[in-house]
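**Q** Residue numbers (my numbering): 1130 to 1322.
Just so it is clear, CB atoms sit at the ideal spot from N, CA and C, and this is done for glycine as well.
Submitted below is the structure of interest, expressed as C-alpha cells.
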Ligand SMILES: C[S@@+](CC[C@H](N)C(=O)[O-])C[C@H]1O[C@@H](n2cnc3c(N)ncnc32)[C@H](O)[C@@H]1O
C-alpha cells in the first residue's frame, strides 16, 4: 500500500517527491542510528513521505521526546499519520517548521532528519529551506539528510552537497559510507550547527 502510494506521487507530484522509490528499511535504520535520538528532547523530520523514517524515529526516540514531522504533500501527510498515529504530522512546508515548534512551546530542536529531495529543488527554494533548517536547530544540534551516491556528480547535487551544505554548517559535516541496501545506493550527510 505504502509503496503504491509513493509510486502514484512520483508521477503526480514529481518535483517535490524527487525519488525513484521509498527509502529502504536499511537506510531508515542507518540514518536514525547516526542521529543522536537517545539524547534528543525535540526531533523534527522533513518530508516523511510514506513514513519509513518516521517509524524508526518513533521507535528509537525517548518516549517523552517531542516529535514533529513536516510533509508538504497531503497524500503523504495522510499516509504518515495512518502509519504513525502518535506523531505530530503537519501538512505544510518544512520552511515553516519554527512556527509549529513555537506553537508547541519550543524555540528550537535537537535533531532534524530530512528526506527532502534537495538536489531537485531550484536554488532559491534550497536556500530558503537550508536557512529554515539552520534557524530551527539549537547550537550543536544535528541535521541529517541523504543523497544518492551519484548526486555529487550532478551539477545541482554538486553545488548543494559540496558547497552550500558545508558552507552553511561551517564545514562541521561528515558523510557515511555508501549504503548499498537502498535503491539507488546513497550516503547519509551529518551536519552540526
Ligand atoms: C524523496 S521523498 C522521501 C520520502 C521518505 N522520507 C523516504 O525516504 O522514503 C521526499 C519527500 O519530501 C516531501 N517534500 C518535498 N518538499 C517539501 C517541503 N518543502 N516541505 C516538506 N516536505 C516536502 C515530499 O512530498 C516527499 O514526501
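#1: From residue 1134 to residue 1144, what distance separates their C-alpha atoms?
#2: Go to residue 1213, then tell me how far its beta strand (DSSP E) extends in each direction, as first and last residue.
#3: What number of angstroms, rounded off, separates the C-alpha of residue 1281 from the C-alpha of residue 1258?
#4: Measure the C-alpha to C-alpha separation of residue 1195 and residue 1149 and round it to an integer number of angstroms.
#5: Straight-line CA distance for residue 1279 to residue 1314?
#6: What does DSSP give as the partner residues of residue 1271 in its beta bridges?
#7: Cβ-heavy atom distance between residue 1205 and ligand 1 below 7 Å?
#8: For ligand 1, any of its heavy atoms closer than 7 Å to the Cβ of residue 1201?
#9: Is it a yes or a no for the region 1164–1177 touching the region 1235–1245, going by three-plus beta-carbon pairs under 8 Å?
#10: Can you find a heavy atom of ligand 1 that lies under 7 Å from the Cβ of residue 1289?
#11: Can you tell me the Cα-Cα spacing of residue 1129 and residue 1319, whole angstroms?
#12: Restricting to runs no shorter than 3 residues, where is the beta strand (DSSP E) found entirely within the region 1167–1224?
#13: Grab me the residues of residue 1323's own chain with a C-beta within less than 7 Å of its C-beta, minus the 5 sequence neighbours each way, in chain order.
#14: So, using beta-carbon positions, are residue 1224 and residue 1261 closer together than 8 Å?
#15: Flag residue 1216 as yes when its Cβ comes closer than 7 Å to any non-hydrogen atom of ligand 1, and as no otherwise.
**A** Looking at the coordinates:
#1: 16 Å
#2: Looking at the DSSP string, residue 1213 is not in any beta strand (DSSP E), and its letter there is neither H nor E.
#3: 19 Å
#4: 30 Å
#5: 9 Å
#6: 1240, 1321
#7: yes
#8: yes
#9: yes
#10: no
#11: Coverage of the chain is limited to positions 1130 through 1322, which leaves residue 1129 absent and any answer about it impossible.
#12: 1171–1175, 1195–1199, 1217–1219
#13: The shown model of the chain, from 1130 to 1322, leaves out residue 1323, and the question about it has no answer.
#14: yes
#15: no
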